[in-house]
Amino acid sequence: MGNLPFLLLPQFILLVLRNVCRSVGWMKHVCNSRIAFRIYSTSEKCPSITGTPVLVGGTIVSRTYPLLGGIFPTYQEFNLTLKSDVWTFQSSVFYSCYIGYIPLKRDKYVMCMNIIQTETCINRTQAVAGCAEFNSIGLMGIANLEESSYIRNVAMGLISKQSSNKTYTSLGFWMDGIRKPTCKYPQPKSASCNGTNEFNYNDISAPNPTFHWAPRQPDGLLNNPPDSNCLYLKVDQNGNSGVDDAPCSSSENVTANVCMKGYLCGIYAAENYIT
Numbered sequence: 129m130g131n132l133p134f135l136l137l138p139q140f141i142l143l144v145l146r147n148v149c150r151s152v153g154w155m156k157h158v159c160n161s162r163i164a165f166r167i168y169s170t171s172e173k174c175p176s177i178t179g180t181p182v183l184v185g186g187t188i189v190s191r192t193y194p195l196l197g198g199i200f201p202t203y204q205e206f207n208l209t210l211k212s213d214v215w216t217f218q219s220s221v222f223y224s225c226y227i228g229y230i231p232l233k234r235d236k237y238v239m240c241m242n243i244i245q246t247e248t249c250i251n252r253t254q255a256v257a258g259c260a261e262f263n264s265i266g267l268m269g270i271a272n273l274e275e276s277s278y279i280r281n282v283a284m285g286l287i288s289k290q291s292s293n294k295t296y297t298s299l300g301f302w303m304d305g306i307r308k309p310t311c312k313y314p315q316p317k318s319a320s321c322n323g324t325n326e327f328n329y330n331d332i333s334a335p336n337p338t339f340h341w342a343p344r345q346p347d348g349l350l351n352n353p354p355d356s357n358c359l360y361l362k363v364d365q366n367g368n369s370g371v372d373d374a375p376c377s378s379s380e381n382v383t384a385n386v387c388m389k390g391y392l393c394g395i396y397a398a399e400n401y402i403t
């Protein structure tokens with residue numbers, strides 16, 4: 129938005145959505161200011177204004193991830209509607225998270241999530257206790273493909289930031305998921321014991337999680353290794369990643385050079401709350 133008297137060189141101001149919603153309401157039609165929208169086009173030529181209208185009426189629904197106060201990661205939804213040459217902006221409440229956490233929208237909730245890296249290799253019991261120290265609701269699952277991509281990227285970034293004396297080629301991060309008693313070895317694979325449904329989940333915000341499994345995983349029904357009853361996210365130095373099952377008591381796999389280096393934690397984001 130900028131002042132354009134006599135079409136001289138404009139001065140632009142980029143506004144956060146919340147401020148746009150307020151500023152547009154304050155503008156007067158004689159204030160010599162205009163609102164400009166950048167529109168993406170794959171055409172090599174500008175469209176004809178008369179033959180192809182640049183703007184077509186309708187509603188855009190989207191979301192934004194601003195930093196509240198320049199510090200706190202925040203999630204906010206908004207609608208942008210054009211009808212009868214009138215723009216209408218509507219924004220939802222905002223949800224902010226602690227520094228280091230990221231707000232992720234799920235079906236009914238906005239969650240603040242983070243992968244906590246530990247100094248040493250830990251088992252699942254230690255991971256649950258660690259989450260509790262951060263006031264987390266517990267180990268988290270992965271609700272959808274968008275989350276899977278984000279969490280994978282965060283975990284992959286920790287490969288080069290290992291805080292222990294020994295450097296591992298693969299890291300594991302504990303997450304929600306414990307094998308059902310009815311889906312343990314020597315129970316054969318079946319429709320009721322086939323991948324994701326082999327496990328029970330405590331994360332009520334992701335009751336039907338979406339996993340990108342590591343190759344040939346989960347393999348607990350093959351007893352390889354024995355008692356592979358808990359889930360974790362595995363990443364390695366070659367850029368490979370995926371969800372795997374392992375013994376809940378495991379903290380390190382010396383043969384495979386894997387260290388269980390942390391856990392996926394989360395808390396519910398509060399509406400209009402500045403942490």
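Mapping the sequence shown onto the numbering used here, position 253 (from 1) lands on 381, and the numbers just tick up by one.
The beta carbon of each residue, even a glycine, is placed where N, CA and C say it ideally should be.
Return the CA-CA distance between residue i and residue j, expressed in angstroms with no decimal places.
i, j, result
"T403", "I265", "At T403 the pLDDT is 44, less than 50, meaning the model places this residue with poor confidence; the figure from the coordinates comes in the next sentence. One C-alpha to the other measures close to 17 Å."
"S298", "V221", "40 Å"
"A319", "V238", "32 Å"
"L392", "G285", "14 Å"
"V386", "G300", "7 Å"
"G394", "N293", "28 Å"
"F327", "L208", "41 Å"
"G323", "T310", "13 Å"
"D364", "N242", "19 Å"
"V371", "C259", "19 Å"
"G305", "T170", "44 Å"
"L142", "K317", "Residue placement at L142 cannot be trusted, given a pLDDT of 49 that sits under 50; what the coordinates show is reported in the next sentence. Cα to Cα, the separation comes out at about 56 Å."
Mark residue i as exposed unless 16 or more other C-beta atoms lie within 10 angstroms of its C-beta, in which case mark it buried.
i, result
"E172", "exposed"
"R252", "buried"
"A257", "exposed"
"G185", "exposed"
"T202", "buried"
"D213", "exposed"
"D331", "buried"
"A374", "buried"
"I227", "exposed"
In this structure, does DSSP put residue i in helix, strand or coil?
i, result
"Y226", "coil"
"Y237", "coil"
"N207", "strand"
"S219", "strand"
"A398", "strand"
"N147", "The pLDDT assigned to N147 is 46, lower than 50, so where the model puts this residue is not dependable, and the model offers no usable value."
Based on the DSSP output, what are the partners of residue i in its beta bridges?
i, result
"L392", "I243"
"G186", "L210"
"T202", "S224"
Under 8 Å: does the beta carbon of residue i sit that close to some heavy atom of the ligand SAH?
i, result
"Q315", "Absent from the structure shown: the ligand SAH. Ligands present: none."
In chain order, what are the residue ranges of uninterrupted alpha helix (DSSP H) at least 4 long that sit wholly in the stretch 250-338? DSSP runs (the alpha helix (DSSP H)) wholly in the stretch 250-338: 252-261 and 273-285.
Beta strand (DSSP E) segments (min. 3 residues) lying fully within the stretch 339-388: Fully enclosed beta strand (DSSP E) runs of 3 or longer: 358-364 and 369-374.
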